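A short worksheet on the structure shown next.
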Amino acid sequence: MIHLKKVNKRYSDNTYAARNMSLHITSGEFVSIVGQSGTGKTTLVKMLIAEERLSSGIIEIGNWDITNIKHSEIPVLRRQVGVVFQDYKLLPKKTVYENIAFALEVCGVKQGNIDMIVPQVLKVVGLEEKHDKFPQQLSGGQKQRVAIGRALVHRPKVLVADEPTGNLDTINAQEIIDLLLKINALGTTVLLVTHNKDIVNRLRKRVIAVDDGVIVSDQKTGKYII
Ligand SMILES: Nc1ncnc2c1ncn2[C@@H]1O[C@H](COP(=O)(O)OP(=O)(O)OP(=O)(O)O)[C@@H](O)[C@H]1O
Ligand SMILES: [Mg+2]
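Counting along the sequence shown from 1, when you hit position 49 you're at 50 in the numbering used here, and nothing is skipped either side.
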């Protein structure tokens, strides 16, 4: 599902954020990416959604080589690879329903379909009762659920979560992880970037550790080692 071949990323100021990264993630996997601050985790996420270009190497999503993806095709990629970030990135003047619906509106989806999809997504993320609330009326965990819901509207093959629990307390964090596990069980490949040692250790799933842009460990049922 995700294939990296000898990926290097050098930013314009000569900072290396990926060095000779090769990686294969199969459809349906749940993979945690761990590593200290500044080691290249977010850069990897950005390359997967074509927010950053590679300096060299190849990235494939499914059988699609996105290394030199055309600008006009990026929206197609973003429908296949949903992403959520630590800071939610919700639209403050839109309700929960509208935030999720907006991701469909911008793609020209018809209102009838939007009205069908959004309630389904709200159900998956457990926010049916909060559909008419604004982001500021929600807890951190609930905001992250909206962001996850928004990332799911196009039924992506892959969901990438970059520190989704970074702003949450232990209980809310675990609920978000449980939601990611549920989404994974429904068939979506999940990539979780996290600093949270307890979460990674409890998951008992594949763990990839990154240090200074290099994959230093890749374990099938790994523990947090950095
Ligand atoms: N736009 C940019 N221009 C130049 N250097 C950058 C840019 N973005 C990131 N970097 C550098 O690339 C390296 C990797 O950054 P990245 O954000 O991928 O790290 P990270 O592993 O996600 O860190 P954190 O855990 O703090 O989120 C860092 O040295 C960072 O300073
Ligand atoms: Mg980061």
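For every residue, glycine included, the Cβ atom is placed at its ideal position computed from N, Cα and C.
From a predicted model like this one, the values you see are computed outputs, not experimental measurements.
May I ask you to check if the CB of residue i is nearer than 6 Å to at least one heavy atom of ligand 1?
i	result
residue 43	yes
residue 38	yes
residue 18	yes
residue 12	yes
Looking at residue j and residue i, is the spacing between their C-beta atoms short of 7 Å?
i	j	result
residue 149	residue 178	no
residue 17	residue 214	yes
residue 185	residue 31	yes
residue 97	residue 132	yes
Roughly how many whole angstroms lie between the Cα atoms of residue i and residue j?
i	j	result
residue 41	residue 212	8 Å
residue 60	residue 39	21 Å
residue 189	residue 161	10 Å
residue 225	residue 193	13 Å
residue 102	residue 75	20 Å
residue 106	residue 24	34 Å
residue 202	residue 220	12 Å
residue 80	residue 171	30 Å
residue 134	residue 46	30 Å
residue 169	residue 22	30 Å
residue 151	residue 183	16 Å
Quick check on the DSSP output: the beta strand (DSSP E) that includes residue i runs from which residue to which?
i	result
residue 220	215-220
residue 24	17-26
The alpha helix (DSSP H) that contains residue i, what's its start and end?
i	result
residue 116	112-125
residue 1	No answer is possible for residue 1: it lies beyond the span of the chain, which begins at 2 and ends at 227.
residue 42	42-49
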